[in-house]
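Colleague: I'd like to ask some things about the structure below.
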Amino acid sequence: MNVSLRQLRAFLAVAEQRHFRRAAEQIHLTQPAVSRHIAELEAELDVRLFDRSTREVVPTEAGRYLQGAVERVLDELEGVLAHVHSEVERRRGKVRVAAAPTPSAELMPRCIAECARDYPELTLHLRDQTQAQVLDSVRGGEVDFGVAIDPPGSAEFERETIMHDPFWLVCHRDHPLAKLAKVPWKKLQGQRMVLLDYSSGSRRLIDQALAERGIEVEVVQQTSHTHTAFRMVEAGLGSSVTPGLSLPDSPLLACRPLTPTARRAITLIRRRHRSLSPVAELVWNRLRELALNPPKPALRS
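According to the working numbering, the sequence shown is numbered sequentially starting from 21.
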């Protein structure tokens with residue numbers, strides 16, 4: 021049947037008001053328009069819906085049945101439409117995320133791409149920052165939340181660790197340690213090393229792993245970026261310790277897992293007692309999902 025919502029709304033207005041003029045005023049149409057909608061509906065259903073007199077308009081038995089049924093259907097439809105509108109609004113808006121270098125390079129591009137695909141109304145802005153800057157951005161409310169490396173304990177942040185990222189040795193392919201499938205930490209004793217500097221959240225953890233095992237290395241260079249460290253390893257200046265998320269893909273380098281395994285925590289942080297907006301919560305949850313299936317590191321030699 022070719023019945024429209026406009027006709028049904030006009031029918032309900034007349035049934036409630038029992039008067040065409042008052043019904044027209046209620047739904048903001050002209051009286052002739054309301055009369056036309058009722059006539060079209062009766063013709064489509066092939067049934068008389070109202071008994072008309074000079075004083076009132078009274079629903080027939082069929083009209084009374086239709087009135088009760090349509091009220092229920094339209095109430096349900098309005099609820100469905102309101103829910104759809106609410107879902108769209110939950111996915112509309114801007115989200116600002118600050119992330120340390122490795123998550124910025126490895127997790128965030130996948131997150132941005134998936135959010136653009138699944139939530140086109142959402143705009144995601146990334147701040148690629150050092151660990152200290154990430155903490156400051158979250159602390160100052162400049163971003164919705166941050167992705168940090170094993171952040172130190174603080175009462176000012178709510179946190180959720182989404183993955184544990186193991187440390188690997190990166191050395192020149194001609195280095196003696198490249199012949200091993202796995203490299204014990206103790207094999208690093210006395211080795212020349214190119215390490216990340218202390219702007220990285222990982223350096224503190226690397227130092228801690230070495231100290232716990234009583235290992236002393238010769239730090240010949242410190243860099244802010246893993247890419248720079250890897251170029252130095254290619255040049256033969258030394259070896260490096262790097263997280264699994266940032267392993268290089270170079271024919272000159274070998275990547276070997278360090279044993280026993282030492283890991284760093286990739287952690288989502290936000291200001292304590294500050295709720296995330298619905299769109300920021302979507303991004304937070306998507307990062308958690310991506311962390312369950314991180315890129316698998318491979319042995320390279």
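Glycine included, each C-beta is placed from N, C-alpha and C at the ideal position.
Exposed or buried, what is L97 when buried is set at 16 or more other beta-carbons lying within 10 Å of its beta-carbon?
Modeller: Exposed, because fewer than 16 other Cβ atoms sit within 10 Å of the Cβ of L97.
Colleague: Looking at the strands, I want to know which residues DSSP matches up with W188.
Modeller: Looking at the DSSP assignment, W188 forms a beta bridge with T262 and P277.
Colleague: What ranges does the beta strand (DSSP E) occupy inside the stretch 49 to 79, keeping only unbroken runs of at least 3 residues that lie completely in it?
Modeller: Counting whole runs of 3 or more residues, the stretch 49 to 79 contains the beta strand (DSSP E) stretches 70 to 72 and 77 to 79.
Colleague: Per the contact definition of three or more C-beta pairs closer than 8 Å, is the stretch 296 to 303 in contact with the stretch 240 to 258?
Modeller: Counting Cβ pairs under 8 Å, fewer than three are found: no touch.
Colleague: For L65, tell me which candidate among R38, E81 and M21 has the shortest Cα-Cα distance.
Modeller: Closest option to L65, Cα to Cα, is M21.
Colleague: Below 8 Å between beta carbons: does that hold for I47 and R72?
Modeller: No, they are not a contact pair.
Colleague: Pop quiz: I286 and T181 are said to be a contact at Cβ under 8 Å. What is the actual Cβ separation, rounded to whole angstroms?
Modeller: Right, the Cβ-Cβ distance comes to about 7 Å (below 8 Å), so this counts as a contact.
Colleague: Use the C-beta contact count for G264: other C-beta atoms within 10 angstroms, 16 or more gives buried, fewer gives exposed.
Modeller: So G264 counts as buried.
Colleague: Expressed to the nearest angstrom, what Euclidean distance is found between the alpha-carbon atoms of E309 and V67?
Modeller: Rounded to the nearest angstrom, the two C-alpha atoms are 56 Å apart.
Colleague: Please report the straight-line C-alpha distance between L216 and R223, rounded to a whole angstrom.
Modeller: Using only the alpha carbons, I get a separation of about 6 Å.
Colleague: What is the residue span of the alpha helix (DSSP H) that E36 lies within?
Modeller: Unbroken alpha helix (DSSP H) run through E36: L25 to Q37.
Colleague: In whole angstroms, what separates the C-alpha of V158 from that of L267?
Modeller: Near 28 Å, if we compare the C-alpha coordinates of L267 and V158.
Colleague: Would you give the residue range spanned by the alpha helix (DSSP H) that T150 belongs to?
Modeller: Here T150 belongs to no alpha helix (DSSP H), and DSSP marks it neither H nor E.
Colleague: Kindly list the residues whose CB is nearer than 6 Å to the CB of T243, restricted to its own chain and excluding five residues on each side of it in sequence; keep chain order.
Modeller: A249, listed in sequence order.
Colleague: Please identify the residue among V214, G221, S55 and C191 whose C-alpha is closest to the C-alpha of E238.
Modeller: When only C-alpha atoms are compared, the closest one is V214.
Colleague: Using the Cβ count rule (16 or more neighbours within 10 Å means buried), how would you classify P196?
Modeller: Looking at its Cβ environment, which holds fewer than 16 other Cβ atoms inside 10 Å, P196 is exposed.
Colleague: Between the stretch 273 to 283 and the stretch 201 to 209, do three or more beta carbon pairs fall short of 8 Å?
Modeller: Result yes; three or more Cβ-Cβ pairs closer than 8 Å.
Colleague: Tell me whether P121 is buried or exposed, calling it buried when 16 or more other Cβ atoms sit within 10 Å of its Cβ.
Modeller: Its Cβ being crowded by 16 or more others within 10 Å, P121 is buried.
Colleague: Using a Cβ-Cβ distance cut-off of 8 Å, determine whether G88 contacts chain C.
Modeller: In the displayed structure, chain C is absent; only one protein chain is listed.
Colleague: For R212 and S260, what's the separation of their Cα atoms in angstroms?
Modeller: One C-alpha to the other measures close to 9 Å.
Colleague: Going by C-alpha distance, which of A44, H145, Y218 and R251 is nearest C191?
Modeller: Closest option to C191, Cα to Cα, is R251.
Colleague: Could you give the residue range of the alpha helix (DSSP H) that holds V303?
Modeller: Per DSSP, V303 belongs to the alpha helix (DSSP H) from P298 to A311.
Colleague: Do M128 and A119 have their beta-carbon atoms positioned less than 8 Å apart in this structure?
Modeller: Taking 8 Å as the Cβ cut-off, A119 and M128 qualify as a contacting pair.
Colleague: Taking C-beta to C-beta, are R116 and L142 nearer than 8 Å?
Modeller: For R116 and L142, no; Cβs fall outside 8 Å.
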